[in-house]
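Each position in the sequence shown, counted from 1, maps to that position plus 7 in the numbering used here. Working notes, structure below.
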Amino acid sequence: MTYQAPIRDIAFALEAAAGLGRLEPLVEGLDQAMVEAVLEAAGELASGVLAPLNRIGDREGSRLENGKVVTPEGFAAAYRAFAEGGWNSLAADPAFGGQGLPKALELAVFEMINAANMAFALCPTLTQAAIEALQRHGTDRQKRLLLPRLISGEWTGTMHLTEPQAGSDLSAIRTMAEPDGRGGWRLNGQKIFITWGDHDLTPNIVHLILARTPDAPPGVRGLSLFVATRQEVGEDGALGAANAIRPASLEHKLGIHASPTCVMLYEGARAELVGELNQGLAHMFVMMNAARVAVGVQGVGVAEGAYQHALAYARERRQGRSPWSQDSSALIFDHPDVRRMLATMKAKIAAARAICFSAGVAADLARLAPSEEARRKADLRSQLLTPIAKAWSTDAGVEAASLGVQVHGGMGFIEETGAAQFYRDARIAPIYEGANGIQAMDLVGRKLSMQDGEAVADLIAEMRALVPGLDAGVGGLLGAGIDAVERASQGLARTGGPAALAGATAYLKLFGDVLGGALLCKGALAAAASDDPAWARDRAALARFYAEQVLTGAPALADAALAGDEALREVSF
């Protein structure tokens, strides 16, 4: 079974849930016809070029030969097709060759790329993040020499944070940058877990690296951001000698085997400072925040791939008697529990998609809205949604991939069916770009209190406004869920400290569950006003199923979020 891009679902989520239409007056040439054309073309690339390589990449994996990474068969040609199609340039600055389209549309395209081939998608995803960091903090020279080639896809980008002793705690970074006496720097040290740190897809790679300088203060205050390229770049843009930066080994991973995860060594590598000294973490956060929503979309994409795979199997496999059809050898699709699993996958994919696209539209409005107040409000919304989009969507991706294995039964545990790959690939996403527990702590520790709780209060009010338009059953469940979010938000804001952090993961799940339900209800209301009765019934049924199966748990999640840390501290280990 091969992936088929769900164009209608994606376009509907962009418009009805995320409100992409608000950007039409702000982005030249943006309209429904253009959005549909972009999605159709991206879907063809994903379905026709990338999806057929997904199993090949999983089986072959990338390998290290003679100090260089060799990618699986077909990946280099697929990347050329990706770059030549202009997919790297969608949301980039037109001044450097970008198309200037909304970030939300880029996220929609990358959902399809991830669904078709997550290991492949990781390479251009990090390039997008590198582009954003250099656009914001790069020097004029760095922008002139690097941005056009990153935006065109001629080169790719990476980010280097983690070291053996410094995972989430970046204060422990030891990689050292020393002045070279000519205005540049020399890097020495080692990084691990560097996604696509080396490969054979492009002639050059642009690495963004956190490092210390000799006189820097301790901790994260002493980190600076540097850029180093695999091949040195002359003032005319021509490639020069190889830089002293190389892959020492590749990690052996649970999944995403085609994505080379490198241990990288810097042995006097030439580098340039990006931005200001000792402001590296703040500068890198531009890249990390861009990557966090993109990783949320990875969760959506791999969940969609797993769902399509499981649905196709359920419509072919016969087993047992169905209480619905009374067929003695029924399709497993006609068994209520299998249907429940598939409906859970479909509903959570739709909810996660709507959350991530809403985060994208908020980020676009934070740049483009016509008034300062509108930009401020949109920025608050973007900040609030980022940890939810990243964590809730990637958890949903793992859940959907696990359910996909379960739908296959024992065959799901056998590699030949392909169901297991989705689960293995999905499992990294809750760890990437700040583990989901860190996202939850960020939501409770920083985002909850922004502007005295304005961001949370505004979103709660927006969700509440949907309730009167819904039928009593779904509206009652959504209203109770919103009440639970409000109760937990107020309680955690009062509590603070370790007790609030102990409830952070439950709070993020609660917020994501309810926000996802609200956006599905918003979509159902929009579909009801359309001229397609079948589509309206489908969206209404999806919102109702979600309300009955997910929103019913909201009050209990609020209780868990507010339980405090006493029992946690008293548990014996």
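Idealized CB from N, CA, C, for every residue including glycine.
Checklist line | Counterpart residues of H167 in DSSP-defined beta bridges | finding: Taking the first residue of the sequence shown as position 1, residue 167 is located at position 160. Answer is I216.
Notebook entry, point to check: Would the beta-carbon of A500 fall within 8 Å of that of L455?
Noted result: In the sequence shown, counting from the first residue as 1, residue 500 sits at position 493. In the sequence shown, counting from the first residue as 1, residue 455 sits at position 448. For A500 and L455, yes; Cβs fall inside 8 Å.
Next item on the list: Identify which residue in G55, G107, A18 has its Cα closest to the Cα of V34.
Entry: In the sequence shown, residue 34 corresponds to position 27, counting from 1. Of the candidates G55, G107, A18, the one whose C-alpha sits nearest the C-alpha of V34 is G107.
Margin query: Less than 6 Å between C-beta atoms, sequence neighbours within five positions excluded: which residues of the same chain meet that for N61?
Written below: The sequence position of residue 61 within the sequence shown is 54, counting from 1. Excluding residues within five positions, the ones whose Cβ falls inside 6 Å are N124.
Check: Does the distance from the CB of A249 to the CB of V270 come in under 8 Å?
Finding: Within the sequence shown, numbered from 1, the residue matching residue 249 stands at position 242. Within the sequence shown, numbered from 1, the residue matching residue 270 stands at position 263. For A249 and V270, no; Cβs fall outside 8 Å.
Next item on the list: Report the partner residues of W192 according to the DSSP bridge assignment.
Entry: Start at 1 with the first residue of the sequence shown, and residue 192 comes out as number 185. Note: W192 sits in a beta bridge opposite P186, A278.
Next item on the list: List the DSSP bridge partners of F19.
Entry: Your numbering for residue 19 matches position 12 in the sequence shown. Answer by DSSP bridge pairing: none, since F19 is not bridged.
Item checked: G404 beta carbon less than 8 Å from that of A541 -> Taking the first residue of the sequence shown as position 1, residue 541 is located at position 534. Taking the first residue of the sequence shown as position 1, residue 404 is located at position 397. No Cβ-Cβ contact shorter than 8 Å links A541 with G404.
Next item on the list: Starting from the C-beta of I445, find all residues in its chain whose C-beta is less than 8 Å away, skip the five residues before and the five after it, and write them out in chain order.
Entry: Mapped onto the sequence shown, residue 445 falls at position 438. Excluding residues up to 5 positions away in sequence, S175 lie with their Cβ nearer than 8 Å to the Cβ of I445 in the same chain.
Notebook entry, point to check: Considering S389, what are the terminal residues of the alpha helix (DSSP H) in which it resides?
Noted result: The residue you call residue 389 lines up with position 382 of the sequence shown. That run of the alpha helix (DSSP H) goes 379-415.
Notebook entry, point to check: On the premise that E422 lies in contact with K355, defined as a C-beta separation below 8 Å, what is that separation, rounded to the nearest angstrom?
Noted result: By 1-based counting over the sequence shown, the position of residue 355 is 348. By 1-based counting over the sequence shown, the position of residue 422 is 415. Not confirmed; about 25 Å, so no contact.
Item checked: Rounded C-alpha distance that separates G160 from G50 -> What you label residue 160 is simply residue 153 of the sequence shown in a count that begins at 1. What you label residue 50 is simply residue 43 of the sequence shown in a count that begins at 1. Going by the C-alpha atoms only, they are around 19 Å apart.
Next item on the list: Determine the DSSP secondary structure at E67, reduced to helix, strand or coil.
Entry: Locating residue 67 in the sequence shown gives position 60, where the first residue counts as 1. Reduced to three states, the DSSP call for E67 is helix.
Note to self: Measuring straight from C-alpha to C-alpha, what distance separates V116 and L46?
What the structure shows: Looking up residue 116 in the sequence shown gives position 109. Looking up residue 46 in the sequence shown gives position 39. So the two alpha carbons sit approximately 6 Å from each other.
Note to self: Across the region 551-565 and the region 482-498, are there enough close Cβ pairs to call them in contact, namely three or more that are closer than 8 Å?
What the structure shows: These segments touch.
Next item on the list: Report yes if the C-beta of S54 is less than 7 Å from at least one heavy atom of the ligand ATP; otherwise report no.
Entry: The ligand ATP is absent from the structure shown, which contains no ligand whatsoever.
Margin query: If I measure Cβ to Cβ from V345 and keep anything under 8 Å in the same chain, skipping five residues before and after, which residues do I get?
Written below: Indexing the sequence shown from 1 puts residue 345 at position 338. If you ignore the 5 residues before and after V345, its C-beta comes within less than 8 Å of the C-beta of A321, I339, V414, all in its own chain and listed in chain order.
Notebook entry, point to check: Run through DSSP, which three-state label would A88 get?
Noted result: Reading the sequence shown from its first residue, position 81 is the one you call residue 88. Judged by DSSP in its simplified three-state form, A88 adopts helix.
Next item on the list: Tell me whether S389 is buried or exposed, calling it buried when 16 or more other Cβ atoms sit within 10 Å of its Cβ.
Entry: Taking the sequence shown and counting its residues from 1, the one referred to as residue 389 is at position 382. With 16 or more Cβ atoms within 10 Å of its Cβ, S389 is classed as buried.
Check: Which word fits D341, buried or exposed, when buried means at least 16 other C-beta atoms lie within 10 angstroms of its C-beta?
Finding: As a working mapping, residue 341 is identified with position 334 in the sequence shown. Label assigned to D341: buried.
Next item on the list: Give me whichever residues DSSP pairs with S583 in a beta bridge.
Entry: This structure cannot speak to residue 583, because the chain is shown only from 8 to 580.
Margin query: Pull the bridge partners of T236 from the DSSP assignment, please.
Written below: Along the sequence shown, read from residue 1 onward, the residue named residue 236 stands at position 229. Under DSSP, T236 shares a beta bridge with V213.
Checklist line | Run of the beta strand (DSSP E) containing I339, from where it starts to where it stops | finding: The count along the sequence shown starts at 1 and reaches residue 339 at position 332. Where I339 is concerned, there is no enclosing beta strand (DSSP E), given that its DSSP letter is neither H nor E.
Next item on the list: Can you tell me which of the three DSSP states Y273 falls into?
Entry: Here residue 273 corresponds to residue number 266 of the sequence shown, with the count starting at 1. Three-state result, Y273: strand.
Next item on the list: Measure the C-alpha to C-alpha separation of I489 and L569 and round it to an integer number of angstroms.
Entry: Walking along the sequence shown from the start, residue 489 turns up at place 482. Walking along the sequence shown from the start, residue 569 turns up at place 562. Cα to Cα, I489 sits roughly 15 Å from L569.
Checklist line | Distance between R494 and T220 (C-alpha atoms, nearest Å) | finding: Against the sequence shown, residue 220 aligns to sequence position 213. Against the sequence shown, residue 494 aligns to sequence position 487. Approximately 46 Å between the Cα atoms of the pair.
Next item on the list: List the residues that DSSP assigns as beta-bridge partners of L246.
Entry: Looking up residue 246 in the sequence shown gives position 239. Note: L246 sits in a beta bridge opposite V240.
Next item on the list: Determine, using beta-carbon pairs with one atom in the region 178-189 and one in the region 146-153, whether at least three such pairs fall under 8 Å.
Entry: No, they do not touch.
Margin query: Taking the beta carbon of R66 as the centre, do at least 16 other beta carbons fall within 10 Å, making it buried, or is it exposed?
Written below: Reading the sequence shown from its first residue, position 59 is the one you call residue 66. Answer is exposed; the Cβ neighbour count stays below 16.
Check: Is it buried or exposed for G523, if we count other Cβ within 10 angstroms and need 16 for buried?
Finding: Counting from 1 along the sequence shown, the entry for residue 523 is found at position 516. So G523 counts as buried.
Item checked: Contacting residues, own chain, Cβ-Cβ under 7 Å from V302 (five flanking each side not counted) -> Reading the sequence shown from its first residue, position 295 is the one you call residue 302. Excluding its 5 nearest sequence neighbours in each direction, V302 has C-beta neighbours in its own chain below 7 Å: K397, T401, A436, Y439, E440, listed in chain order.
Item checked: CA nearest to the CA of G55, picked from A12, S69, I201, A44 -> Position 48 of the sequence shown holds residue 55. Checking every option, the nearest Cα to that of G55 belongs to A12.
Notebook entry, point to check: DSSP state of S329, grouped into three classes?
Noted result: Position 322 of the sequence shown, counting from 1, holds the residue named residue 329. Correct three-state label for S329: coil.
Next item on the list: Inspect the CB distances between the region 534-553 and the region 465-474 and report whether three or more fall short of 8 Å.
Entry: No: fewer than three Cβ pairs fall under 8 Å.
Note to self: So for Q142, helix, strand or coil by DSSP?
What the structure shows: Taking the first residue of the sequence shown as 1, we reach residue 142 at position 135. Helix, per DSSP.
Checklist line | Buried or exposed by the 16-neighbour rule on C-beta atoms within 10 Å, applied to N95 | finding: Sequence index remark: in the sequence shown, residue 95 carries index 88 (1-based). By the 10 Å Cβ count, N95 comes out buried.
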